[in-house]
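J.: First residue of the sequence shown? That's 67 in my numbering, and the numbers climb one at a time after it.
Just so it is clear, CB atoms sit at the ideal spot from N, CA and C, and this is done for glycine as well.
Take this structure first; my questions come after.
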Amino acid sequence: MPPLAPIGPTVSASADSQPVAKRFAPQGPLSGSIRVPGDKSISHRSIMLGALAVGETRVTGLLEGEDVLATAQAMRQMGATVERQPDGEWVIQGVGVGGLLQPEAPLDMGNSGTSTRLLMGLVASHAIEATFMGDASLSKRPMGRVIDPLSQVGAEFTASEGGRLPLTVRGICPAVPISYRLPVASAQVKSAVLLAGLNTAGTTTVIEPVPTRDHSERMLKGFGADLTVTERDGERIITLNGPAELKPQVIEVPGDPSSAAFFVVAALIVPGSDVLIANVGLNPTRAGLFEVLHKMGGRITFLNLREVGGEPVADMRVQHSQLHGIAVSPSVAPSMIDEFPVLFVAAALAEGTTTTSGLDELRVKESDRLTAMAEALTLAGARVEEQEDGLTIHGSGGAPLPGTAQGAAVTTHLDHRIAMAMAVAGLASADGVEVDDVRPIATSFPNFMPLLESLRA
């Protein structure tokens with residue numbers, strides 16, 4: 067294997083107001099070694115918790131996409147010092163739990179739903195008022211599922227129609243500790259309630275009928291919060307005793323499995339490919355896609371298994387494989403909810419039929435990802451049937467998809483994962499796939515295209 071590809075130039079979603087279309091064409095086998103950017107979920111939480119600790123937190127491997135940078139800017143506006151060093155390390159001087167300051171201007175969340183929902187939780191238990199705004203895509207996403215429990219804490223909200231952005235949160239201190247059962251599986255809602263509990267005297271409890279990604283629990287404990295997780299009758303019960311006193315940390319962010327997913331699927335579906343992806347986080351609440359692809363016949367080997375900062379990590383070798391369709395259990399959805407767009411691409415190249423269900427959550431992401439992917443794959447020549455809560459995809463048996471006709475482009479709806487998933491589809495097509503706008507990719511994976519180029523050799 068050649069040396070790891072370096073981080074390259076980025077594609078900025080805000081550099082130009084006009085869409086940037088790009089055609090992704092077959093380029094032969096993918097070969098080489100890459101390292102994907104840091105985990106987005108861990109990056110967000112590193113900045114937030116570092117800003118609430120007293121002292122200096124240092125973070126390496128932070129994802130420097132627009133979503134995470136929006137979190138960094140918001141924490142600056144509320145009093146923390148968040149600085150990038152010349153060597154790429156980030157240094158955060160925290161204000162302490164309870165020390166957040168009134169922001170003088172609205173908090174611009176860009177496209178980041180994670181930033182918005184988690185920061186709403188932080189503000190809810192501080193005696194400050196903050197207005198949240200976002201781009202056109204984020205402003206369509208409902209925030210009611212976070213507003214409901216945070217209102218029980220005592221915070222007040224003034225939101226746009228349908229509980230959407232822009233909205234204003236008026237926090238309260240002292241806040242009320244609550245016990246909240248999640249009506250739908252959502253790590254963001256869980257995290258918002260727990261973050262509100264940090265500055266709340268008493269015990270805050272979140273009950274999860276279905277486990278979701280547990281980065282918040284791991285990191286809160288790592289920063290010194292009094293948090294426990296127990297299981298009872300198949301449910302996870304998370305309790306946090308506040309107010310908390312967080313201690314600064316030194317954090318190494320592992321590679322984001324959601325980013326690695328695009329290259330894993332690309333290597334599986336492009337004949338002759340053999341790719342090594344270094345330093346990928348394998349948190350079991352995030353690794354559902356790799357389990358599903360293995361069941362479909364994917365050759366994925368985990369090398370150098372280790373633990374970094376409480377998170378399991380490995381290097382992944384992925385080789386071209388003839389995939390076969392399966393019925394994907396709804397039970398794995400929480401552990402791969404962001405990876406379904408690229409799974410749909412893998413299914414389109416598999417042998418036989420793949421069925422998915424229980425995916426209502428995909429309709430309220432950056433776009434309606436069920437409809438968007440059904441339309442995109444159909445435009446590229448795949449056979450797809452859309453149901454209310456999932457897709458049925460009839461695979462090509464490994465034959466290349468026809469691709470999009472000249473003059474026809476996949477509509478991404480400002481959704482970074484739709485853009486990247488269909489870029490991968492283009493690599494396994496006969497004539498390429500045109501994507502209408504690649505700018506949104508910068509929100510989560512700013513060096514996606516340079517890394518893709520590096521595997522063309």
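On the three-state DSSP scale, how would you describe residue 396?
T.: It is helical.
J.: Rounded to whole angstroms, what's the CA-CA distance from residue 162 to residue 379? Just pull it up for me.
T.: Residue 162 and residue 379: Cα-Cα distance of roughly 30 angstroms.
J.: Which first and last residues belong to the beta strand (DSSP E) in which residue 289 is found?
T.: Where residue 289 is concerned, there is no enclosing beta strand (DSSP E), given that its DSSP letter is neither H nor E.
J.: Inspect the beta-carbon positions of residue 222 and residue 207 and report whether they are closer than 8 angstroms.
T.: For residue 222 and residue 207, no; Cβs fall outside 8 angstroms.
J.: Quick one: grab the DSSP three-state call for residue 437.
T.: DSSP places residue 437 in helix when its eight states are reduced to three.
J.: Tell me the rounded alpha-carbon separation between residue 201 and residue 179.
T.: So the two alpha carbons sit approximately 11 angstroms from each other.
J.: Pull up the distance between the alpha-carbon of residue 518 and that of residue 92, whole angstroms please.
T.: Each residue's alpha carbon lies about 12 angstroms from the other.
J.: When the Cα of residue 297 is compared with those of 275, 135, 520, 513, which residue comes out closest?
T.: When only C-alpha atoms are compared, the closest one is 275.
J.: Give the single residue among 453, 459, 479 whose Cα lies nearest to the Cα of residue 444.
T.: Nearest C-alpha to residue 444: 459.
J.: From residue 188 to residue 510, what distance separates their C-alpha atoms?
T.: Rounded to the nearest angstrom, the two C-alpha atoms are 22 angstroms apart.
J.: Can you find the residues in the same chain that come closer than 8 angstroms, C-beta to C-beta, to residue 429, ignoring five residues on each side of it along the sequence?
T.: Answer for residue 429: 435, 436, 437, listed in chain order.
J.: So for residue 455, helix, strand or coil by DSSP?
T.: Note: residue 455 maps to coil in three-state DSSP.
J.: Give the DSSP-derived three-state secondary structure of residue 341 in the structure shown.
T.: In the structure shown, residue 341 sits in a strand (DSSP, three-state: E or B).
J.: At the level of alpha carbons, what is the spacing between residue 448 and residue 422?
T.: Each residue's alpha carbon lies about 16 angstroms from the other.
J.: Would you identify the three-state DSSP class for residue 407, choosing helix, strand or coil?
T.: Helix.
J.: Anyone know if the C-beta pair for residue 352 and residue 279 falls short of 8 angstroms?
T.: Contact flag set, yes.
J.: Can you find a C-beta in chain C that's less than 8 angstroms from the C-beta of residue 520?
T.: No chain C is part of this structure, which consists of one protein chain only.
J.: So residue 197 packs on residue 234, CB below 8 angstroms; how close in whole Å?
T.: About 5 angstroms separates the two Cβ atoms, so the contact holds.
J.: Nearest to residue 521 by CA position, among 480, 255, 469, 336, is which residue?
T.: Of the candidates 480, 255, 469, 336, the one whose C-alpha sits nearest the C-alpha of residue 521 is 336.
J.: Bridge partners for residue 196 per DSSP, in chain order?
T.: For residue 196, which the question treats as bridged, DSSP gives the partners 235.
J.: By the three-class DSSP mapping on this structure, what secondary structure does residue 69 have?
T.: Confidence is the limiting factor: at residue 69 the pLDDT is only 44, short of 50, which leaves the residue's position unreliable, though a coordinate-based value still follows. Three-state result, residue 69: coil.
J.: Span of the alpha helix (DSSP H) holding residue 419?
T.: It is not in any alpha helix (DSSP H) - residue 419 instead sits in the beta strand (DSSP E) that spans 419-421.
J.: Just checking my contact of residue 461 with residue 417 at CB under 8 angstroms: how many whole Å lie between their CB atoms?
T.: Yes, they are in contact, since the Cβ atoms of residue 461 and residue 417 sit about 6 angstroms apart, within 8 angstroms.
J.: Just confirm the distance between the C-beta atoms of residue 503 and residue 485, as a whole number of angstroms; I'd bet it's less than 8 angstroms.
T.: The Cβ separation is near 7 angstroms, so the contact holds.
J.: Can you say whether residue 505 is buried or exposed, counting buried as having 16 or more other CB atoms within 10 angstroms of its CB?
T.: Buried: at least 16 other Cβ atoms inside 10 Å.
J.: Would you call residue 152 buried or exposed, if buried means 16 or more other Cβ atoms sit within 10 Å of its Cβ?
T.: Its Cβ having fewer than 16 others within 10 Å, residue 152 is exposed.
J.: Could you tell me which residues DSSP puts in a beta bridge with residue 368?
T.: According to DSSP, which records beta bridges pairwise, residue 368 is partnered with 382.
J.: What is the rounded straight-line gap between the Cα of residue 67 and the Cα of residue 338?
T.: Residue placement at residue 67 is poorly supported in this model, since its pLDDT is 42, which falls under 50; the coordinates are not used for a value here.
J.: Can you check the stretch 98-185 for any beta strand (DSSP E) of at least 3 residues that lies completely inside it and give the ranges in chain order?
T.: Whole beta strand (DSSP E) segments, 3+ residues: 122-126, 147-150, 156-159.
J.: Are the beta-carbon atoms of residue 104 and residue 408 separated by less than 8 angstroms?
T.: No. Outside cutoff.
J.: Excluding the five sequence neighbours on either side, which residues of its own chain have a C-beta within less than 7 angstroms of the C-beta of residue 413, listed in chain order?
T.: Contacts found: 391, 420, 459, 461.
J.: Are the CB atoms of residue 398 and residue 354 nearer to each other than 8 angstroms?
T.: In contact: residue 398 and residue 354 (Cβ atoms closer than 8 angstroms).
J.: So does the stretch 133-146 actually touch the stretch 112-125, counting three or more Cβ pairs closer than 8 angstroms?
T.: Taking 8 angstroms as the limit for Cβ pairs, the verdict is that the stretch 112-125 does touch the stretch 133-146.
J.: Quick one: grab the DSSP three-state call for residue 256.
T.: Reduced to three states, the DSSP call for residue 256 is helix.
J.: Using CA coordinates, which residue listed in 493, 464, 386, 376 is at the minimum distance from residue 415?
T.: The option with the nearest alpha carbon to residue 415 is 464.
J.: What is the C-beta distance between residue 348 and residue 323, in whole angstroms, given that I count them as a contact (C-beta under 8 angstroms)?
T.: Between residue 323 and residue 348 the Cβ distance is about 7 angstroms, and since that is below 8 angstroms, they are a contact.
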